[in-house]
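In my numbering, the protein residues as written are 688 to 1007.
All residues carry an ideal CB built from backbone N, CA and C; glycine is no exception.
Since this is a predicted model, take the numbers as computed values, not measurements.
Just below is one structure, and these are the notes that go with it.
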Ligand SMILES: [Zn+2]
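Okay, here's the thing in structure tokens:
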């Protein structure tokens, strides 16, 4: 256990340069963080929460990520997985649902996740089938929606050992963003509403509202923040991620007000990032204080934010 204790201490201090994909860390007794290998497999992070008689897993992952997390679960506890919480509708967080339901779990989400699936699917699923063998291997025509949904925040699961609260604070990364909070452990799982590194994806987002959602999550007392992508950290990544969105919005808004055109700030030319064709460059730069969140996704984040500001509606409400 001493090795685990050291890892738990390291998890608190980890930065993105200390990313350890595939590693499983004990955050507090009965809460494990499995860092997904995003660069190689597109996997999200998973969290395993131990209750008295069962386990809760945060995020279904892609099917291949679900299999890996299921192996981790079998290794660390004989208890069954009763619930798998889908933090949002994206494939890297939800397409593994059938793996978990076949293993006897109930998939759970805020109702907004099911509504996002109706909006965007099965088009994205069918595209994933052509690109990902693990999705194709399920031989399904559409993603499996969460079996159970809730519409009152927080939804609470509680037994004699632990209380787990599932919150919805509004539209940030998607219209369905769910947070998982363990009040006695001061642990907060954020999905992609908060990431630790250059992993932000803004296509389905409400960039202008995003910081407000994080500021609500910041009213919770947290010591450990377990993001959807990137290493575990402390509450400083809540502030950093909110600041990134504020700086992004500010930089784009300034350029719009200066009378610039989108082609001026996001010149033509594309590259492929994690299989997606995205604009290659942007002339906008953000302050060094948010550099942890700046990466090859910045040009597409600038474009999405530009469209949101110019069209005066959340980017997710613009056909895309
Ligand atoms: Zn996502």
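Would you kindly work out how many angstroms separate the C-alpha atoms of residue 999 and residue 894, rounded to a whole number?
A direct Cα-Cα distance of roughly 11 Å separates residue 999 from residue 894.
For the structure I just gave you, are there three or more beta carbon pairs, one from the region 790-804 and one from the region 895-910, closer than 8 Å?
Flag = no, the region 790-804 and the region 895-910 do not touch.
Taking the alpha-carbon positions, what's the residue 697 to residue 948 distance?
With a pLDDT of only 46 at residue 697, under 50, the local geometry of the prediction cannot be trusted, and the value read off the model is given with reservation. Computed Cα separation, rounded: 45 Å.
Excluding the five sequence neighbours on either side, which residues of its own chain have a C-beta within less than 7 Å of the C-beta of residue 932, listed in chain order?
894, 897 and 898
With a threshold of 6 Å on Cβ separation, who are the neighbours of residue 723 within its own chain once the five nearest residues in sequence on each side are excluded?
730, 731, 732 and 752
Which residue wins for smallest C-alpha separation from residue 957, given the options 990, 941 and 981?
Restricting attention to 990, 941 and 981, the CA atom closest to the CA of residue 957 is found in 990.
Here's a check: name, in chain order, each residue in its chain whose Cβ is nearer than 8 Å to the Cβ of residue 1002, leaving out the five neighbours to either side.
889, 890, 891, 892, 893, 894, 991, 992, 994 and 995
With distances taken Cα to Cα, identify the nearest neighbour of residue 1048 among 863, 830 and 840.
Past the boundaries of the shown model lies residue 1048; the chain is included only from 688 to 1007, so the question cannot be answered.
Are the CB atoms of residue 728 and residue 867 nearer to each other than 8 Å?
no
What do you reckon, are the CB atoms on residue 725 and residue 819 nearer than 8 Å?
no
When you compare each of 881, 874, 826 and 848 to residue 740 by their alpha carbons, which one comes out closest?
For the residues 881, 874, 826 and 848, the minimum Cα distance to residue 740 belongs to 848.
Would you kindly report the start and end of the unbroken beta strand (DSSP E) that includes residue 852?
850-855
Along the chain, where does the beta strand (DSSP E) that runs through residue 707 open and close?
Under the DSSP assignment, residue 707 falls outside any beta strand (DSSP E); it carries neither an H nor an E label.
Measuring straight from C-alpha to C-alpha, what distance separates residue 692 and residue 720?
Summary for residue 692: the model assigns pLDDT 46, below 50, so the residue's position carries little reliability, and this model does not support an answer.
Let me check you understand the geometry: is the CB of residue 888 closer than 7 Å to at least one non-hydrogen atom of ligand 1?
yes
Would you check whether ligand 1 has a heavy atom nearer than 7 Å to the C-beta of residue 963?
no
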